[in-house]
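Protein chains: 2
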Amino acid sequence: MTSLFKYLGKFNTLSKEAEKAIAELSKTITVKKNTDLQPIGHTCKTIYFVNKGVARIYYFKDGVDITESFAFDNNIIARVESLFTGKPSRKAIQIIEDSEIVAINSTQLFKLYDKFPEIERLFRLIFESAYVDTVNRIEGIQFHTAEERYNSLIKDAPDVLKRVPLKYVASYLGITQVSLSRIRGSK
Amino acid sequence: MTSLFKYLGKFNTLSKEAEKAIAELSKTITVKKNTDLQPIGHTCKTIYFVNKGVARIYYFKDGVDITESFAFDNNIIARVESLFTGKPSRKAIQIIEDSEIVAINSTQLFKLYDKFPEIERLFRLIFESAYVDTVNRIEGIQFHTAEERYNSLIKDAPDVLKRVPLKYVASYLGITQVSLSRIRGSK
DNA sequence: GTGATTATTTATCATATGTTAAGTACTTCC
DNA sequence: GGAAGTACTTAACATATGATAAATAATCAC
Chain A
1 MTSLFKYLGK FNTLSKEAEK AIAELSKTIT VKKNTDLQPI GHTCKTIYFV
51 NKGVARIYYF KDGVDITESF AFDNNIIARV ESLFTGKPSR KAIQIIEDSE
101 IVAINSTQLF KLYDKFPEIE RLFRLIFESA YVDTVNRIEG IQFHTAEERY
151 NSLIKDAPDV LKRVPLKYVA SYLGITQVSL SRIRGSK
Chain B
188 MTSLFKYLGK FNTLSKEAEK AIAELSKTIT VKKNTDLQPI GHTCKTIYFV
238 NKGVARIYYF KDGVDITESF AFDNNIIARV ESLFTGKPSR KAIQIIEDSE
288 IVAINSTQLF KLYDKFPEIE RLFRLIFESA YVDTVNRIEG IQFHTAEERY
338 NSLIKDAPDV LKRVPLKYVA SYLGITQVSL SRIRGSK
């Protein structure tokens, strides 16, 4: 769980008591590739930290599997549209390669906010940062061609292409797998 | 400023002292149509609340004016990608019709967070909600045709079309104005 | 109110991406 | 290690949206 606290420390410095409180409601699990951590239709009550491995959030649009986002080593992943609303999520979290994951119980975590303002601040800062990433992503989706999007993925996150099946990358980029192959072929 | 506190009250109940503290660093201004509240290149240090009127966030992509988002009566608008990072924003906020705006000094507001955890919580909840909206918007952009996006805009926010020039709506939907006209014409 | 500017529509042609289908390459599992 | 399934590519055709240009409509300034 060391790397979790190293990650959290980048957002806010925590007291020993706060770290202990978070550790108490977290547990490390190893997960086999292709496993769903949480199924579609379930209300999200867990924030996951990818210690080592890869995960993605996905859902079905007209029967087609769509990847919303990826998380690699040392990053957090959660279905915020359910986590923050309490509504069931239409999305699932899937593990893409054999991974080591820290599962943080969000119901209990949110209860800690009253006792530990430093923890509330920590997660405020984490999700503010994620919010900024999401706002920036809209720009990338809306006003770049698929090829430009693919090129900047190669540049910003070359790991994705090595560790994630292309079919998942395609829907993440907002195109079909066939289009992605065409773009790759034209190089 | 009454409607601002009515809006804030939907997210978190505030003590009188907290309300007073927020009121002290806010000021109501009337702004003429087509005015930029804050120019491009400026680091965002203000959160705006639209008391009455319409505002939008926009930027230039290859010389073309792109609308990122709108805010109507009784809503908040801020360039979060600058507000939360401290970096200069490539975006501007423009007033679209003569409006009454409450400007909240964010530098001072963030300082209140230490003294008033209830204010930190309030804005955490506000931006968590905005984050969820943004995540949901990606889905709309990425996997619906321009026509579907236009139809759901009519349905969810008919005001937009009445109060906002179509050229701004087009880039918000991620298409050119000519395409938007074609879609409207085909009905 | 008239002219000038700005907003919107319509038409034509170009192009990126989608759809379907088939073929090849790679994995997995008994 | 061979069969079966899964992942990826390639090709041909269809279609939505972009680009450019020109026409009309609405708004603004004096």
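Chains as they are written, first to last, in the numbering used here: chain A, 1 to 187; chain B, 188 to 374.
The beta-carbon is built from N, C-alpha and C at its ideal position, and this holds for glycine as well.
N-terminal and C-terminal residue of the beta strand (DSSP E) that residue i is part of
i	result
Gly288 (chain B)	The sequence shown places Ile at residue 288 (chain B), not Gly. It spans 279 to 292 - the beta strand (DSSP E) in which Ile288 (chain B) sits, taken as one unbroken run.
Ser69 (chain A)	64 to 72
Ser26 (chain A)	26 to 31
Asp224 (chain B)	This sequence places Leu at residue 224 (chain B); Asp is not what is there. Residues 223 to 225.
Beta-carbon gap between residue i and residue j smaller than 8 Å
i	j	result
Gly273 (chain B)	Thr230 (chain B)	yes
Ile95 (chain A)	Leu37 (chain A)	yes
Ile141 (chain A)	Ile325 (chain B)	yes
Ala146 (chain A)	Ile104 (chain A)	no
Ser243 (chain B)	Tyr355 (chain B)	Sequence check: residue 243 (chain B) is Arg here, not Ser. Taking 8 Å as the Cβ cut-off, Arg243 (chain B) and Tyr355 (chain B) qualify as a contacting pair.
Lys248 (chain B)	Phe143 (chain A)	yes
Val31 (chain A)	Ser99 (chain A)	yes
Ser106 (chain A)	Leu83 (chain A)	yes
Asp260 (chain B)	Lys239 (chain B)	yes
Ala21 (chain A)	Met1 (chain A)	no
Phe116 (chain A)	Tyr318 (chain B)	no
Val102 (chain A)	Ala71 (chain A)	no
Leu25 (chain A)	Leu153 (chain A)	no
Under 7 Å from the C-beta of residue i: neighbouring residues of chain A
i	result
Thr272 (chain B)	Val132
Lys248 (chain B)	Phe143
Proximal residues of chain A, C-beta to C-beta of residue i below 9 Å
i	result
Ser316 (chain B)	Phe84, Thr85
Ile253 (chain B)	Glu139, Gln142, Phe143
Glu287 (chain B)	Within 9 Å Cβ-Cβ: nothing; Glu287 (chain B) doesn't reach chain A, min ~26 Å.
Neighbour list for residue i in chain B, Cβ cutoff strictly below 7 Å
i	result
Lys111 (chain A)	None at all; the shortest Cβ gap to chain B is about 13 Å.
Gly174 (chain A)	Gln329
Enclosing alpha helix (DSSP H) for residue i [first to last residue]
i	result
Val160 (chain A)	158 to 163
Arg79 (chain A)	Note, Arg79 (chain A): premise wrong, no alpha helix (DSSP H); not H, not E.
Asn238 (chain B)	Counting along the chain, Asn238 (chain B) falls outside any alpha helix (DSSP H), though it belongs to the beta strand (DSSP E) covering 233 to 248.
Phe192 (chain B)	189 to 196
From the options, residue whose alpha carbon lies closest to that of residue i
i	options	result
Ala279 (chain B)	B:Ile264, B:Asp285, B:Ser293	B:Ile264
Pro165 (chain A)	A:Ser186, A:Phe127, A:Phe5, A:Glu97	A:Glu97
Glu206 (chain B)	B:Glu268, B:Glu255, B:Asn338, B:Ser190	B:Ser190
Val64 (chain A)	A:Ser186, A:Ile175, A:Ser181, A:Asn12	A:Ile175
Thr215 (chain B)	B:Glu204, B:Gly228, B:Tyr235, B:Asn199	B:Tyr235
Thr321 (chain B)	A:Arg79, A:Lys32, A:Phe11	A:Arg79
Leu360 (chain B)	B:Asp346, B:Phe297, B:Ser373, B:Asn338	B:Asn338
Asp301 (chain B)	A:Ala23, A:Glu120, A:Ser129, A:Asp73	A:Glu120
Ala357 (chain B)	B:Glu315, B:Glu268, B:Lys298, B:Ser256	B:Ser256
Ser202 (chain B)	B:Tyr245, B:Leu309, B:Arg350, B:Asp343	B:Leu309
Asn221 (chain B)	B:Leu367, B:Arg350, B:Ser373, B:Gly372	B:Arg350
Glu204 (chain B)	B:Asp346, B:Leu299, B:Gly228, B:Pro275	B:Leu299
Ala344 (chain B)	B:Pro275, B:Ser316, B:Tyr246, B:Val241	B:Val241
Asn262 (chain B)	B:Asn323, B:Phe297, B:Ser316	B:Ser316
Val228 (chain B)	B:Asn199, B:Leu367, B:Glu335, B:Pro275	The amino acid occupying residue 228 (chain B) in the given sequence is Gly; Val does not appear at that position. Per the Cα distances, B:Pro275.
Tyr59 (chain A)	B:Asn323, B:Glu335, B:Thr200	B:Asn323
Phe11 (chain A)	A:Leu25, A:Ser181, A:Glu118, A:Gln108	A:Glu118
Leu180 (chain A)	A:Pro39, A:Glu81, A:Glu148	A:Glu148
8 Å Cβ cut-off: residues of chain B touching residue i
i	result
Asn136 (chain A)	Glu268
Glu120 (chain A)	Pro304, Glu307, Arg308, Arg311
Any non-hydrogen atom of the ligand GTP closer than 7 Å to residue i Cβ
i	result
Ser276 (chain B)	No copy of the ligand GTP occurs in the structure displayed, which carries no ligand at all.
Give, in chain order, every unbroken run of the alpha helix (DSSP H) that is at least 4 residues long and sits entirely within the segment 127 to 187 of chain A. 146 to 156, 158 to 163, 166 to 173, 177 to 185, all fully within the segment 127 to 187 of chain A.
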